[in-house]
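Visitor: These protein sequence lines map, in sequence, to chains A and B. 276 is the number that this note's numbering gives to position 276 of the first sequence; each next residue is one higher, with no gaps. Going from the second sequence to this note's numbering is simple: count from 1 and add 1000.
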Amino acid sequence: MSDALAKIPATIAPPRPAASDRLKFYGIWIGAALALLVLPKLFSSGGSLTTFSLIGISIIFSLSYNILLGQTGMLSFGHAVYYGLGGFLAIHAINIIARNKFAIPLPLVPLVGGAAGLVFAMLLGWVSTRRSGTAFAMISLGVAELVASSALILRTFFGGEAGVSANRTKVLRLFDWSFGPQIQIYYLVAAWTLIAVIAMYALTRTPLGRMCNAVRDNPERVQFVGYDPHIIRYIAFCFSGLFAGIAGALAAINFEIANSAYLGAVQSGTVLFATYIGGVGFFIGPIVGAIFVTLLSLGLSDLTQVWQLYFGLIFIAVVMFAPGGITGLLMMHRPLLKGGTLSRVLPSYLVAFVPTLAMITGLMLAIETTVHFTVNPGEDSHIKAFGIPFDAANPAIWAVAAVLLIGGFIIARKTWARVAGSWDDALTAAREKGVAA
Amino acid sequence: MLELIVISTLNGVLYGMLLFLMASGLTVIFSMLGVLNFAHASFYMLGAFFGFQISRWFGFWPALILAPLLAGALGAAVERYGLRHVHKNGHVAELLFTFGLAFAIEEIVQIIWGKSPVDFRVPPLLDFPAFTLFSTNYPAFKIFMLVVSIVIFIGLLVVLKRTRIGLIVQAALTHPHMVGHLGHNVGRIFMLVFGVGTALAAVAGVIAGPALVTQSNMAGLLGPILFVVVVVGGLGSLPGAFIASLLIGLVQTFAVSMNGSLAGAFGPLSPDYAATWLSDIWNVTVAQIAPIMPYLLLVLILIFRPMGLLGTRDT
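1) Taking phenylalanine 1060 of chain B as the query, report the chain A residues whose CB atoms sit under 7 Å from its CB, ordered along the chain.
2) Could one say the Cβ of phenylalanine 61 of chain A lies closer than 7 Å to chain B's Cβ atoms, at least one of them?
3) Do three or more CB pairs link the region 136-154 of chain A to the region 1046-1058 of chain B at distances below 8 Å?
4) Since phenylalanine 1131 of chain B sits in a beta bridge, which residues does DSSP pair it with?
5) Check whether the region 1221-1229 of chain B touches the region 1018-1034 of chain B, taking contact to mean three or more Cβ pairs, one atom from each stretch, closer than 8 Å.
6) Count the other CB atoms, across all protein chains shown, that sit within 10 Å of the CB of glycine 1183 of chain B; report buried if there are 16 or more and exposed otherwise.
7) If we count the other Cβ atoms within 10 Å of its Cβ and call it buried at 16 or more, is alanine 116 of chain A buried or exposed?
8) Just to make sure I have the definition right: I need the residues of chain B whose C-beta is within less than 9 Å of the C-beta of serine 149 of chain A. Which are they?
9) Please name the residue or residues paired with serine 128 of chain A in a DSSP beta bridge.
10) Please state whether DSSP places valine 400 of chain A in a helix, a strand or coil.
11) Which of the three DSSP states, helix, strand or coil, is assigned to serine 165 of chain A?
12) Alpha carbons only, please: which of B:Gly1155, B:Met1218, B:Ser1237, B:Val1203 is nearest the one belonging to glycine 1114 of chain B?
13) Does valine 127 of chain A get closer than 7 Å to chain B when you measure Cβ to Cβ?
14) Have a look at phenylalanine 292 of chain A and tryptophan 192 of chain A and give me their C-alpha separation to the nearest angstrom.
15) Quick one: which chain A residues come within Cβ less than 7 Å of asparagine 960 of chain B?
16) Isoleucine 1303 of chain B touches chain A at which residues, Cβ-Cβ below 8 Å?
17) Identify whether leucine 1182 of chain B lies in helix, strand or coil by the three-state DSSP scheme.
18) Would you report the Cα separation of leucine 5 of chain A and leucine 39 of chain A, rounded to the nearest angstrom?
19) Establish whether the CB of glutamine 308 of chain A and some CB of chain D are separated by less than 7 Å.
20) Taking all protein chains shown into account, do 16 or more other C-beta atoms lie within 10 angstroms of the C-beta of threonine 473 of chain A, making it buried, or fewer, making it exposed?
21) Compile a chain-ordered list of the residues in the region 1093-1125 of chain B whose CB is closer than 7 Å to at least one CB of chain A.
22) Taking C-alpha atoms, which residue in A:Thr415, A:Thr304, A:Ala402, A:Leu346 lies nearest to threonine 356 of chain A?
23) With 8 Å as the C-beta to C-beta threshold (strictly closer), list the residues of the region 1229-1245 of chain B near chain A in chain order.
24) Expressed to the nearest angstrom, what Euclidean distance is found between the alpha-carbon atoms of threonine 1285 of chain B and glutamate 145 of chain A?
25) Does alanine 1039 of chain B come out as helix, strand or coil in the three-state DSSP assignment?
26) Using alpha carbons as the reference points, say which of B:Leu1036, B:Gly1180, B:Leu1066, B:Ala1140 lies closest to glycine 1090 of chain B.
27) Taking C-alpha atoms, which residue in A:Ile91, A:Phe136, A:Tyr83 lies nearest to asparagine 119 of chain A?
28) Spatial neighbours of glycine 245 of chain A within its chain, please: C-beta separation below 6 Å, excluding the five flanking residues on both sides.
29) Say whether chain A places a C-beta atom closer than 7 Å to the C-beta of proline 1306 of chain B.
30) Just the C-alpha distance for glutamate 1094 of chain B and histidine 1087 of chain B, rounded to the nearest angstrom, thanks.
31) Between which residues of its own chain and alanine 199 of chain A is the CB-CB distance below 8 Å, once the five residues before and five after are set aside?
32) Taking only beta carbons into account, state which residues of the region 1007-1039 of chain B come closer than 7 Å to chain A, listed in chain order.
33) Using a cut-off of 8 Å between C-beta atoms, extract the partners of valine 1299 of chain B located in chain A.
34) Can you tell me whether DSSP reads aspartate 21 of chain A as helix, strand or coil?
35) Are any of the Cβ atoms in chain A nearer than 7 Å to that of valine 1086 of chain B?
36) What separation, rounded to the nearest whole angstrom, lies between the Cα atoms of alanine 437 of chain A and arginine 173 of chain A?
Here it is as structure tokens:
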């Protein structure tokens, strides 16, 4: 009897992965670390280093958000609270360390931010995670508003509208790194990003991570198994707050300031956009989303005045047509690629691409023309949007916009129906070849 | 003191009724479609801006009718061509769709009408003091707002309790699937309810526009409070939404008119630590924390009554 019991774990436990699989697994992480090391050598300008730092911070923040949305199924509208509090505590920590000359180097300061995020998530999370679904979303919004408004009232700690600033070079130096130049901040952010990403990936592989998925998919079943979904949601929420706090502290170190915008609704919305556009279904999704959204917000704001509108439209389009996000779209093609039938879909993609592009161009033309007449009506009508100059007052342009928009829409609808058809055919063919979808 | 109480009660009830105009639509939409419309406050804002634009062209009275109709038609279109499409992806996708919509509507309003407040005036017909109470002139327009919201409230009550369509809506509040099984065109009812709900929000926008500030951030300011109302009242409960609306309206109005602080109440005690970073808490007045009152109420309700005041449903 006892022998039989002792044997069970050995049979239930998955076999140890083969050496080649393990090499592949660790190779990805080592490759990522090497890429982070080499990146500043390839793009060494100050602007790109700042961009990389922002992307790194955004990756940690988005992944921490995905612990809630993707792993545990909790839609939060107030995740920036823990990011912001982490940032404020980190700034205060830098000031206190510098004033008292404590022997704590700057690379350890994000731990303070993480601890702050964790503590506040523990405090506020207990109440918020009692409910799930829509109620949780509304509660997170209410708590976020509470904290953001309180930040403006408690002026001594949060510094009012101006915020609190610090000098990151005044803390203890290790190996003569002052953390003044952006390249050193880049390496600090890169190291923390790698640590946080590995930690969060490891979290998804623990029993807790699996229980989080179970709570997301079927909380009632989880109760039958003997777990309390509230407790699991709460623990996931605390971990999420911890990593959000680390991201906030890194942002505070990067900008050397923390202000009430860190806690605000815009920050919460941005992380939601990044995570969802990237795709919540896969671990790598928020990473892709963070890179995409950071680059987009930096790039679009140079190209057009109303970049936030485009941002919102992209988000709506993703929610409507690609609920799996960018990674979801890409991963859809994996069975086709394995089955070797991808080539059957590509021609219909090309056919659908042309009218869709025409429709988008028409929409952009219409938006930019409208913006010209409503936002700056007095200025010269020869405007330049997305680097292309055109005359907004020219009726021919309006006609072109209308034709592209309406014609593109009608044709695009037909072509996308064809894409769906050929997609089904390709998938069926791939299945016949024995590839699991 | 009596003056303060009477005027604050009037204003509080007025604000509460305005909140209920919006919260009622939100609650009915939530109960039937299962989606909390994040863009509901955006339709309130659209109502105010449409009202402003139409009252410039044709006057205030046509605006009071046309703006809600226009916003309601937009709402119905959003349900028909947006939400229904997203529905198959689940409630999170629906909520996110309305979230993106709220974001986009705010941007569009900023593009068309700009970021600064527009000059939406009280119609001259109602621009006089209705009565004078303890030396305070109470504007006639506010009485008009109160009358409109009460009339709509009673109308809503009659429609819900006394008509066939109200019967179907009521049935759909608790048993949405059964209503579908009974052969009603659930899709059309959903579209209708969404349109009417957003139109009600737009009515609130038109009548609140001249009295409050008509600005592109008005949806962002009011939206969270609206959700507090719905959660505090209990998700999906109309009577709960009514009580919560009045409660929050009164609490916020009374808080604004009060000047007390901890330092004022316990001034002579003044502990030493009150001079440190705690001084903010020590010296802040009730009026200053009025904006966070609804959220404090939300947290308290969640601790002591997680379902909300009259709520029965969990999600």
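Cβ atoms here follow ideal geometry from the backbone N, Cα and C, with glycine treated the same way. The structure presented is a predicted model; accordingly, all values stated were derived computationally and were not measured.
Guide: With the structure as the only source:
1) Residue numbering aside, residue 1060 of chain B sits at position 60 when the second sequence is read from its first letter. In chain order: nothing, as chain A lies at least about 23 Å away.
2) Taking the first sequence and counting its residues from 1, one reaches residue 61 of chain A at position 61. Not one chain B Cβ lies under 7 Å of phenylalanine 61 of chain A.
3) Verdict: no, contact absent.
4) Stepping through the second sequence from its first residue, residue 1131 of chain B is reached at position 131. Answer is B:Tyr1138.
5) In this structure the region 1221-1229 of chain B lies against the region 1018-1034 of chain B, because at least three pairs of beta carbons, one per stretch, are closer than 8 Å.
6) Residue numbering aside, residue 1183 of chain B sits at position 183 when the second sequence is read from its first letter. Under this definition glycine 1183 of chain B is an exposed residue.
7) Counting from one through the first sequence, the residue named residue 116 of chain A turns up at place 116. With 16 or more Cβ atoms within 10 Å of its Cβ, alanine 116 of chain A is classed as buried.
8) Looking up residue 149 of chain A in the first sequence gives position 149. The contacting residues are Ile1289, Pro1291, Ile1292, Tyr1295.
9) By 1-based counting over the first sequence, the position of residue 128 of chain A is 128. Answer is none; serine 128 of chain A lacks a bridge partner.
10) Taking the first sequence and counting its residues from 1, one reaches residue 400 of chain A at position 400. Helix.
11) Taking the first residue of the first sequence as 1, we reach residue 165 of chain A at position 165. DSSP places serine 165 of chain A in strand when its eight states are reduced to three.
12) As a first step, residue 1114 of chain B must be located in the second sequence, where it is residue number 114. With distances taken between CA atoms, glycine 1114 of chain B lies nearest to B:Met1218 out of B:Gly1155, B:Met1218, B:Ser1237, B:Val1203.
13) As a first step, residue 127 of chain A is located in the first sequence; it is residue number 127 there, counting from the start. By this cut-off, valine 127 of chain A is an interface position.
14) Translated into positions along the first sequence, residue 292 of chain A becomes position 292. Translated into positions along the first sequence, residue 192 of chain A becomes position 192. So the two alpha carbons sit approximately 20 Å from each other.
15) With chain B covering only 1001 through 1315, there is no way to say anything about residue 960 of chain B.
16) By one-based count along the second sequence, residue 1303 of chain B stands at place 303. Correct list: Val127.
17) Along the second sequence, one-based indexing puts residue 1182 of chain B at 182. Note: leucine 1182 of chain B maps to coil in three-state DSSP.
18) Along the first sequence, read from residue 1 onward, the residue named residue 5 of chain A stands at position 5. Along the first sequence, read from residue 1 onward, the residue named residue 39 of chain A stands at position 39. Only weak support exists for where leucine 5 of chain A lies, its pLDDT of 49 falling under 50; the coordinates are left without a value.
19) As a matter of chain content, chain D is missing from the structure shown, whose protein chains are A and B.
20) Residue 473 of chain A is absent from the structure shown; chain A starts at 1 and stops at 437.
21) Ala1093, Leu1095, Leu1096, Phe1097, Gly1100, Leu1101, Phe1103, Ala1104, Glu1107, Ile1108, Ile1111, Ile1112
22) The sequence position of residue 356 of chain A within the first sequence is 356, counting from 1. The option with the nearest alpha carbon to threonine 356 of chain A is A:Thr415.
23) Val1230, Val1231, Leu1235
24) Indexing the second sequence from 1 puts residue 1285 of chain B at position 285. Indexing the first sequence from 1 puts residue 145 of chain A at position 145. The alpha-carbon atoms of threonine 1285 of chain B and glutamate 145 of chain A are separated by roughly 19 Å.
25) Position 39 of the second sequence, counted from the start, is the residue given in the question as residue 1039 of chain B. When secondary structure is reduced to three states using DSSP, alanine 1039 of chain B falls in the coil class, being assigned neither helix nor strand.
26) Sequence index remark: in the second sequence, residue 1090 of chain B carries index 90 (1-based). Minimum Cα distance to glycine 1090 of chain B is reached at B:Leu1036.
27) Walking along the first sequence from the start, residue 119 of chain A turns up at place 119. Here residue 119 of chain A turns out to be valine, not asparagine, going by the sequence shown. For the residues A:Ile91, A:Phe136, A:Tyr83, the minimum Cα distance to valine 119 of chain A belongs to A:Tyr83.
28) On the first sequence, position 245 is the one that residue 245 of chain A refers to. Tyr82, Gly86, Gly113, Gly114, Ala116, Gly117, listed in sequence order.
29) The residue you call residue 1306 of chain B lines up with position 306 of the second sequence. Yes, its Cβ sits closer than 7 Å to a Cβ of chain A.
30) Taking the first residue of the second sequence as position 1, residue 1094 of chain B is located at position 94. Taking the first residue of the second sequence as position 1, residue 1087 of chain B is located at position 87. Answer to the nearest angstrom: the Cα atoms are 6 Å apart.
31) Taking the first residue of the first sequence as position 1, residue 199 of chain A is located at position 199. The answer, listed in chain order, is Phe243.
32) Leu1036
33) For the purposes of this step, residue 1299 of chain B is taken as residue 299 along the second sequence, with counting starting at 1. Here the neighbours are Val127, Gly142, Val143, Leu146.
34) As a first step, residue 21 of chain A is located in the first sequence; it is residue number 21 there, counting from the start. The answer is helix: DSSP assigns aspartate 21 of chain A an H, G or I state.
35) Your numbering for residue 1086 of chain B matches position 86 in the second sequence. So yes, valine 1086 of chain B belongs to the interface.
36) Walking along the first sequence from the start, residue 437 of chain A turns up at place 437. Walking along the first sequence from the start, residue 173 of chain A turns up at place 173. In this predicted model, alanine 437 of chain A has a pLDDT of only 48, less than 50, meaning its place in the structure is not dependable; the value taken from the coordinates is given anyway. Cα to Cα, alanine 437 of chain A sits roughly 54 Å from arginine 173 of chain A.
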